[in-house]
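Numbering (my numbering), first residue to last: 132 to 449.
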């Protein structure tokens, strides 16, 4: 500290420098939120307009001059005779992803934590996490290498075994299991790492105390590990519930190779909206679908958090 400066002024200068440093660190994230999250919210009005091009052909000019149409853009979502099936597919797939993803990720995280060899644990963790970085386009070709009727591994094995070859991309009954498996294969590693990080943060003294009391490994998991994971499990569950009306477009469009024969089991809201937009070119309809999905997701998060807060206030988001 400079003896020529009053102590009060020195403290103020130190706080300002600290505040400036923190602000510079937060600035990139704040700018990202502003440009990619808040500014696009002005486009919500597209859901209630018949978007057309005007001169000068700029985005904002087109929005301002396009006619208001009320809720007309929402009608196409419910006009199709397949609407019930499409919404049902979306909800059932997402519920399955949430439940299986939670159970399997927690189980894998516990198993990795119990491995005595750190090298083995890191190796398995890396192998599980790697698919998360692959695009669904790449994953679709991996699956094609197994299922392609002409040269796929599974059809070739069926031929060698003298069995009838299944045309997988024309047989919708197999695709619920295939899509669920593909989703778990790609995303389970990420969830496992999150839970594993939470497990490694548990105070080891709790396990030592349980072992002194004669607790078996299963009892330690049940009475120490799972209770400590409860808050994280609930928070991730609430966040996932908010996406229950949104489907992973890449999974449902790229992995089945956009096969029309599979629509009965692979068509979800996002793929339906995309195909409707490609046929009609209506920006308003796609905006209406996105707005509806976000509103339903928001309501689901509020509802799930309200239920959690009633039974376990400490684990709720807000």
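Ideal Cβ placement from N, Cα and C applies to all residues, glycine included.
DSSP, read as helix, strand or coil, puts residue 186 in coil. Taking C-beta separations shorter than 7 angstroms and ignoring five residues to either side along the sequence, the partners of residue 222 in its chain run 375, following chain order. Counting C-beta atoms within 10 angstroms of its own C-beta, residue 219 has fewer than 16 neighbours from the protein chains shown and is therefore classed as exposed.
At a cut-off of 4 residues, the continuous stretches assigned as alpha helix (DSSP H) that sit fully inside the stretch 198-244 are 206-210. Shown here, residue 374 sits in coil according to DSSP, grouped into three states, outside any helix or strand.
Residue 232 and residue 360 do not touch by the CB rule: their CB atoms are close to 14 angstroms apart, not below 8 angstroms. For residue 311, the enclosing alpha helix (DSSP H) starts and ends at 306-331.
If you check the CB distance, residue 388 and residue 300 come in under 9 angstroms. If the five residues before and after residue 373 are omitted, its C-beta is found closer than 6 angstroms to the C-beta atoms of 428, 431 and 432, all from its own chain and listed in chain order. Three or more Cβ pairs drawn from the stretch 415-426 and the stretch 389-406 lie within less than 8 angstroms of each other, which places the two stretches in contact.
For residue 168, there is no enclosing alpha helix (DSSP H), as DSSP gives it neither H nor E. In this structure, DSSP gives residue 279 a state outside helix and strand, which the three-state scheme calls coil. Secondary structure of residue 445 (DSSP, three-state): helix. With fewer than three CB-CB distances shorter than 8 angstroms, the stretch 315-328 does not count as touching the stretch 281-297. In the pairwise beta carbon analysis, the stretch 172-188 is classified as not touching the stretch 324-341: fewer than three pairs are separated by under 8 angstroms. Per DSSP, residue 196 has no beta bridge partner at all.
With distances taken between CA atoms, residue 377 lies nearest to 226 out of 199, 144 and 226. A straight-line Cα-Cα distance of about 32 angstroms links residue 215 and residue 448. Within the DSSP secondary-structure output, residue 180 pairs in a beta bridge with 199. For residue 287, the uninterrupted alpha helix (DSSP H) run begins and ends at 284-291, by DSSP. Residue burial annotation: residue 379 is buried, with at least 16 other C-beta atoms found within 10 angstroms of its C-beta.
Residue 204 holds the alpha-carbon nearest to the alpha-carbon of residue 176 among 352, 204, 230 and 168.
Burial of residue 237 is indicated by the presence of at least 16 other C-beta atoms within 10 angstroms of its C-beta.
For residue 356 and residue 229, the gap between their C-alpha atoms comes out near 20 angstroms.
Rounded to whole angstroms, residue 191 and residue 198 show a C-alpha spacing of 13 angstroms. Residue 268 has its alpha-carbon roughly 9 angstroms from the corresponding atom of residue 384.
Taking C-alpha positions only, residue 166 is separated from residue 264 by approximately 25 angstroms. The three-state reading of DSSP puts residue 424 in helix, counting H, G and I together. For residue 399, there is no enclosing alpha helix (DSSP H), as DSSP marks it with neither H nor E.
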